[in-house]
Every structure is written in C-alpha cells, then in structure tokens.
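Asks:
There are 2 protein chains.
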Amino acid sequence: MNLHNYLQEKAASIEDALDRILAEGDTEPSILNEAMRYSVFAGGKRLRPILTIAAAEAVGGREEDVMTAACAIELIHTYSLIHDDLPAMDDDDYRRGRPTNHKVYGEALAILAGDALLTKAFEILAGCSVPGTAGRLMLRVIGEIAEAAGARGMVGGQTLDILSEGKAVDARTLFYIHKNKTGALLRASVRTGAILAGAGEEELTALTSFAEEFGLLFQITDDILNVVGDSSKMGKPVGTDAQRAKATYPALYGLDGARKMAREGKERALAALDSFDSKADPLRLLVSYLLEREK
Amino acid sequence: MNLHNYLQEKAASIEDALDRILAEGDTEPSILNEAMRYSVFAGGKRLRPILTIAAAEAVGGREEDVMTAACAIELIHTYSLIHDDLPAMDDDDYRRGRPTNHKVYGEALAILAGDALLTKAFEILAGCSVPGTAGRLMLRVIGEIAEAAGARGMVGGQTLDILSEGKAVDARTLFYIHKNKTGALLRASVRTGAILAGAGEEELTALTSFAEEFGLLFQITDDILNVVGDSSKMGKPVGTDAQRAKATYPALYGLDGARKMAREGKERALAALDSFDSKADPLRLLVSYLLEREK
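Residue numbers (our numbering), protein chains in the order written: chain A, 9 to 303; chain B, 9 to 303.
(1) Buried or exposed, going by whether 16 or more other CB atoms sit within 10 Å of the CB of A:ASN13?
(2) Taking B:PHE130 as the query, report the chain A residues whose CB atoms sit under 7 Å from its CB, ordered along the chain.
(3) Using the beta-carbon of each residue, which ones in chain B are nearer than 7 Å to A:ILE96?
(4) Give me the Cα-Cα distance between B:ALA80 and A:ARG144, rounded to the nearest whole angstrom.
(5) Taking the alpha helix (DSSP H) that B:ALA80 falls in, what are its first and last residues?
(6) Mind listing the chain B neighbours of A:GLN321? Cutoff is C-beta to C-beta under 8 Å, in chain order.
(7) Counting only Cβ pairs nearer than 8 Å, list the residues of chain A close to B:HIS186.
(8) Are A:LEU299 and A:ARG292 touching if we call contact CB-CB under 7 Å?
(9) Does the CB of A:HIS85 have a neighbour CB from chain B at under 7 Å?
(10) Taking a Cβ distance cut-off of 8 Å, strictly less, list which residues of the segment 31-63 of chain A are near chain B, in chain order.
(11) Using a Cβ-Cβ cut-off of 6 Å (strictly less than) and excluding sequence neighbours within five positions of B:ALA196, which residues of its own chain qualify?
(12) Let me check understanding here. Comparing Cα to Cα, which of A:TYR46, A:LEU15, A:ASP230 lies closest to A:LEU30?
(13) Between the beta-carbon of A:LEU15 and the beta-carbon of A:VAL48, is there less than 7 Å?
(14) Residues of chain E with CB under 7 Å from A:ALA124, in chain order?
(15) In three-state DSSP terms, what is B:PRO37?
(16) Between A:LEU182 and chain B, is there a C-beta pair that is closer than 7 Å?
(17) Step through the CB atoms of chain B and report whether any lies within less than 7 Å of the CB of A:LEU147.
(18) What are the start and end residues of the alpha helix (DSSP H) that includes B:GLY164?
(19) For a contact defined as C-beta to C-beta under 9 Å, what are the partners of A:LEU204 on chain B?
(20) List, in order along the chain, the chain A residues whose C-beta lies closer than 7 Å to that of B:ILE170?
(21) With 7 Å as the threshold, decide whether the Cβ of B:ARG144 is near any Cβ in chain A.
(22) Could you give the DSSP three-state label for A:ARG271: helix, strand or coil?
(23) Name the chain B residues whose beta carbon is nearer than 9 Å to that of A:HIS91?
(24) Classify A:ASP358: buried if its beta carbon has 16 or more other beta carbons within 10 angstroms, exposed otherwise.
(25) How far does the alpha helix (DSSP H) with A:ASP178 in it reach, from first residue to last?
(26) Give a yes or no on whether the C-beta atoms belonging to A:ALA19 and A:ILE84 are separated by under 7 Å.
(27) Taking 7 Å as the threshold (C-beta atoms), are B:GLY165 and B:ASN188 in contact?
(28) Can you tell which of B:ASP264, B:GLY52, B:ALA63 has its C-alpha closest to the C-alpha of B:GLY208?
(29) Since B:ILE61 contacts B:GLU71 with CB under 8 Å, what's their CB separation in whole angstroms?
(30) Check whether the segment 237-245 of chain A and the segment 263-272 of chain A touch, using three or more Cβ-Cβ pairs below 8 Å as the test.
(31) What does the alpha-carbon distance come out to for the pair A:GLY262 and A:ALA66?
(32) What residues in its chain sit with their C-beta under 6 Å from that of B:TYR102, if we drop five residues either side in the sequence?
(33) Using the Cβ count rule (16 or more neighbours within 10 Å means buried), how would you classify A:ARG56?
(34) Quick check on B:MET9: buried or exposed, where buried means 16 or more other Cβ atoms within 10 Å of its Cβ?
(35) Taking the DSSP output, what are the residues bridged to A:TYR102?
(36) Can you tell which of A:ARG28, A:ARG106, A:ARG271 has its C-alpha closest to the C-alpha of A:THR76?
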C-alpha cells in the first residue's frame, strides 16, 4: 500500500467530517465559529484522527464507525494548541505558517474558541454511539479521552512543561511531561479506534503498547526537528526549544543519542504489531512516516 | 419543609462528593490540583447541583443516583468562572471575597485549571452511568450538558457578552446573552436530574419550562443585586455593571421594571410546577430564595 495516498484520502474524509461538525452558522455570534474553524482548518496533519481510523481498521473496523470519535480527538488537539499558544502560556505568534488564534481574534476569543472546541468534542462523542453497543463502549471511550486530555494527562503535562521552562530538567521529568502532554492523547486516539471497533483485550493491549511507543517516537522526532528542521517546511521557527532552555531529548541526550532512541523506538513500535495482519500496515507505515517527516 | 436546612444538607453532601472527586494527589504537579480545588471550594452556593438533585427528587429519584452528574455541572460552572475572571476576559480580581484564581496562581495555571475542570466533568459523567439504564440516559445527559456549556450555550453567551461590553445593547441581545451565558447550564442542571431519575416526557417538559423561568429570574435578581446589593455580603463589589456599561435588566428596564419582571417570572416558574406534588417543594422554595437572596 501507498502511505501517501492513504494519508491524503483519510485526511480528506476527516476534513469533510470536521466541516460538517463545525458547520458555519452553528454559533451566534458567528465570530466564535469563525475562530474555532480558523484553527481547526489550519493545515494540520490530522495524525490523531488518522491513528484512530487506522487502529479501527487494524482490528477489522470501518472508518465510518469511528469518524466522529476521530474528529472529537482532533477538536481536543486543536483546543490544546490554541491555549498553549496564548501569551500567558508559550506565547507563540505563529503556528503552521499562520498567525496563532489569539493574534487574529484576540486573547478572549482564543480562550473561548478553545473552550468551545473542547466542549464540542464531548457533545459529538455523546451523540455518535455505534448502534448495537448500548452506549457502553462510547461511555468507556469518553472516559478514556477525558482522562487522557485532563489533569492526569495532557493538561497535567502542559502544566509541568510550563513550570519547568528555564529550569534544569532531568530525564524522569522529561519523560513524564511528554508521556502526558502529547503521549496521553495519542494513546487515547489509538485506543478509541480499537475499542469502538470491538477489539479483543489482547488486541487492545498490543495496540496500547504500539501507541505508547508511537507517542514517545513522535516526541523525540518532534524535538529533533526543532533542532535540524527546515522552518519554511514546518511553518514555524526552529531552534526555539534551545532558546527557551526547554527540556528536550536532544538537549538531554545529544542529537545522536536522540536519533538512536528514535531508531530503537521504531523497532519496539513495530514489534508491538507482530500479531496483526496486513490490515495494520497503515499503522506500521505511520511509524516510518514519523522518522522521515520534515514537519 | 425548611429550605435553609435543605440547602445546608445538600450543600454538605455536594462538598463531600466534590472533595472525593478532586482528591488531593490526583494530579502531578500537585499545584494544578491545588488551583482546581481553590476555585471549587471557594464558598459557592452550589445552586446548580442542588437544582439537579431537587429536580431528580421532584420526579421520585434519589440524591445518590444523580450526585456525580450534579458535581460535574458544578465543575463546569467553576471552570467558567475561572476563565471569565481572566485579565483577557472580565479581568476580575475578586470573587466571593477572595482573590480570583489567576491572582493567586497566575494566568497560565488559571487557564489550565479551568481546562482541567471542564475535562474532569466529562470524565466523571462517563464513569457514573446509573445501573440498568445501559448508558443511554448518561450519553443523552452528556450531550445535553456539552451543548449547554458550549458554543451554542454558555461559551456563546460569554462571547457575545464580551463583544457587547461598552456598547448599547437592545433587549433581544440581552435576553440572548443571559439565555446562553447562565440560562443554558441552569436548564441543563434541572434536566440532568430529571432525565437520570427517569422523568416521563410530560414531567421533563414541565421541569424544562420551570428551569427556563428560573434561569431568567436568576439573571434578573443577579443584575438587581449588582445595583442594590451589600458588597460585604456578596464578597464582590457592586455597581460594577453600571461602571462597565454592561447590558443588564435594571439598565434596560429601570430598577422598578426589573423588580416587576422578577415577580412575574416567579409566578410563571411556580405555575410550571403545578402538576407536581410536595416532592417538588424544594424547587418551589428555591424560587423564593432567588427573590430574597442577598448574595
């Protein structure tokens, strides 16, 4: 299979679904909807919803049964970017080559657009339970996504990240930050697809291991890109982590050390998929994609 | 029955439940948990969760079956207060006689604590479905709460409120702001209790009418208090709406006009409960409580 085509096809379906979910005119005042859409349709890679779909497919599920849940996770991811970029947080002016939400709409609307996206995610999750499952699976998924996004997950990781800025950070803290700030939602993306597609417990355990390795790999490669990436391809400046004395894998282990960790992480991620057939190929290819990505 | 005792008893049960939900040590870093608890345990009246419980009792339900859902709504209410108080929003330094969250913990942590409380609400809702209902009722409730809290509800109302500050606002806009900013979550509070307690459609319709009148009355009396209230009892300054040229009922209809609207709203709220027996007495007394409250 061709990963490039797969990613393009899935991203297009996801764009369509997000467009319906955030229909214009859905909010009054309309500028709130506009601010929400500005960041949702800002050229993201849709990595998380694609993981949800690919995980569902790996256990024999269908894209259409998990599309709404996949989009909910993308809304949560987008809200987190809007809030992270705020002046009180990372104070970023650009993301993906465009001015950040608060630079366009102001801080108040950026906070509110983020709040609304987070809330919308749970609204659509509640409305999309798969027929025949009596709602139990969807409640489980809502609980897992909320836990991954909340104080014991993404928000907790972001909190520690902000509190750590400019301080010397040890390896344990670095792992903790990334496991929560980015790892938890990536893990939930995979598990959501698998759970809703009716994965057995063994399948779910294996996919969870895959997701945890994938999350680690994602962060390592993201940190490496911040050192060696091409800012014109990435749509954001590079070298910012070093300027801010942020805790990163290259900062702690050196560039070569981080690259070695990435290669080892790739092997472990692929090993976690050993018991799956070719339906898991998109997940396998996504691992290589992480290592080769330029943005 | 004695409303004062009822309110005290319910508020005490709610405090206990919230204390378990936000157990200390639940987050790392612990300062996030501390910031969340600071605003949740800031002496609120617990009006929304009490409405949820009273609505459940009105249709024969039990407090314990709706307590977690009631607490989820209080977490959402608290998050909205933290974000509304931010410098980029209403820029309030005091609430209930204490410094606001961002004055104590800084803007970044206040934003994150709000985000975490909103997310926690959905986590506990997903985990508390009433046995025997197969999760369907809880999914319905999650959907309703999310819609009430989101862009078409509370966040939308707050957006319009902020955009309207300092502008001349007509009656239609004023109604729209309050219907969404405060009315939607009060309505969801009542409906959540009724739905989870198994209310029939007629009961639910009547309680929804009650909730809408209650929400209007809440806002009118809140606006009146901002004009004539005692700031030492309220724990916040009065007269602030007029200073900010905010759209309020007294500003549009005069103090006497607003008081007349409150009396008429009270009659309509009580009329909506006509078909209920004495189990709805707490709801009836809460209407009088609104009119007589001093904070």
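Quick reminder that beta carbons are idealized off the backbone N, C-alpha and C, glycines included.
Predicted, not measured: the structure shown is a model, and the values here were computed from it.
Replies: In short, the structure shows the following:
(1) Here residue 13 of chain A refers to the residue found at position 5 of the first sequence. The residue in question, A:ASN13, is exposed, as its Cβ has fewer than 16 Cβ neighbours within 10 Å.
(2) The count along the second sequence starts at 1 and reaches residue 130 of chain B at position 122. What B:PHE130 touches in chain A: PHE130, ILE150, ALA154.
(3) Residue mapping note: residue 96 of chain A aligns to position 88 of the first sequence, counting from 1. Inspection of the sequence shows that residue 96 of chain A is occupied by Ala rather than by Ile. Here the neighbours are GLU115, ALA116, ILE119.
(4) Along the second sequence, read from residue 1 onward, the residue named residue 80 of chain B stands at position 72. Along the first sequence, read from residue 1 onward, the residue named residue 144 of chain A stands at position 136. Rounded to the nearest angstrom, the two C-alpha atoms are 19 Å apart.
(5) Indexing the second sequence from 1 puts residue 80 of chain B at position 72. B:ALA80 -> alpha helix (DSSP H) spans 71-93.
(6) Lying before the first or after the last residue shown, residue 321 of chain A is absent from chain A, which here runs from 9 to 303.
(7) As a position in the second sequence, residue 186 of chain B is number 178, starting the count at 1. What B:HIS186 touches in chain A: nothing, since even the nearest Cβ is about 14 Å away.
(8) To locate residue 299 of chain A, count along the first sequence from 1; it is residue 291. To locate residue 292 of chain A, count along the first sequence from 1; it is residue 284. No, Cβ-Cβ distance for A:LEU299 and A:ARG292 is not below 7 Å.
(9) On the first sequence, position 77 is the one that residue 85 of chain A refers to. So no, A:HIS85 is outside the interface.
(10) ASP34, THR35, GLU36, PRO37, ILE39, LEU40, ASN41, MET44
(11) Taking the first residue of the second sequence as position 1, residue 196 of chain B is located at position 188. Counting only Cβ-Cβ distances below 6 Å, and skipping sequence neighbours, we find GLU152, ILE153, ALA156.
(12) Locating residue 30 of chain A in the first sequence gives position 22, counting from the first residue. Closest by alpha carbon: A:TYR46.
(13) As a first step, residue 15 of chain A is located in the first sequence; it is residue number 7 there, counting from the start. As a first step, residue 48 of chain A is located in the first sequence; it is residue number 40 there, counting from the start. Contact flag unset, no.
(14) Considering every chain present, this structure includes no chain E. Its protein chains are A and B.
(15) In the second sequence, counting from the first residue as 1, residue 37 of chain B sits at position 29. In the structure shown, B:PRO37 sits in coil (DSSP, three-state: anything other than H, G, I, E or B).
(16) Along the first sequence, one-based indexing puts residue 182 of chain A at 174. No, A:LEU182 does not count as interfacial toward chain B.
(17) On the first sequence, residue 147 of chain A is found 139 positions in, with the first residue counted as 1. Answer yes: the Cβ-Cβ gap between A:LEU147 and chain B drops below 7 Å somewhere.
(18) Walking along the second sequence from the start, residue 164 of chain B turns up at place 156. Residues 162-172.
(19) Here residue 204 of chain A corresponds to residue number 196 of the first sequence, with the count starting at 1. In chain order: nothing, as chain B lies at least about 14 Å away.
(20) The count along the second sequence starts at 1 and reaches residue 170 of chain B at position 162. Simply ALA116.
(21) Position 136 of the second sequence, counted from the first residue, corresponds to residue 144 of chain B. It does; some Cβ of chain A falls within 7 Å.
(22) Here residue 271 of chain A is taken as the residue at index 263 of the first sequence, counted from 1. Correct three-state label for A:ARG271: helix.
(23) Residue numbering aside, residue 91 of chain A sits at position 83 when the first sequence is read from its first letter. Those are ILE119, LEU120, ASP123, listed as they occur along chain B.
(24) Lying before the first or after the last residue shown, residue 358 of chain A is absent from chain A, which here runs from 9 to 303.
(25) Mapped onto the first sequence, residue 178 of chain A falls at position 170. Counting along the chain, A:ASP178 falls outside any alpha helix (DSSP H), and DSSP gives it neither H nor E.
(26) Sequence index remark: in the first sequence, residue 19 of chain A carries index 11 (1-based). Sequence index remark: in the first sequence, residue 84 of chain A carries index 76 (1-based). No.
(27) Working through the second sequence from its first residue, we reach residue 188 of chain B at position 180. Working through the second sequence from its first residue, we reach residue 165 of chain B at position 157. In this structure, B:GLY165 lies closer than 7 Å to B:ASN188 by Cβ.
(28) Looking up residue 208 of chain B in the second sequence gives position 200. Comparing Cα positions, the closest option is B:ALA63.
(29) Against the second sequence, residue 61 of chain B aligns to sequence position 53. Against the second sequence, residue 71 of chain B aligns to sequence position 63. Right, the Cβ-Cβ distance comes to about 5 Å (below 8 Å), so this counts as a contact.
(30) no
(31) Walking along the first sequence from the start, residue 262 of chain A turns up at place 254. Walking along the first sequence from the start, residue 66 of chain A turns up at place 58. Each residue's alpha carbon lies about 35 Å from the other.
(32) Here residue 102 of chain B refers to the residue found at position 94 of the second sequence. These residues qualify, in order along the chain: LYS244.
(33) Mapped onto the first sequence, residue 56 of chain A falls at position 48. A:ARG56 is buried by the Cβ-count criterion.
(34) As a first step, residue 9 of chain B must be located in the second sequence, where it is residue number 1. Looking at its Cβ environment, which holds fewer than 16 other Cβ atoms inside 10 Å, B:MET9 is exposed.
(35) Looking up residue 102 of chain A in the first sequence gives position 94. Per DSSP, A:PRO107.
(36) Looking up residue 76 of chain A in the first sequence gives position 68. It is A:ARG28.
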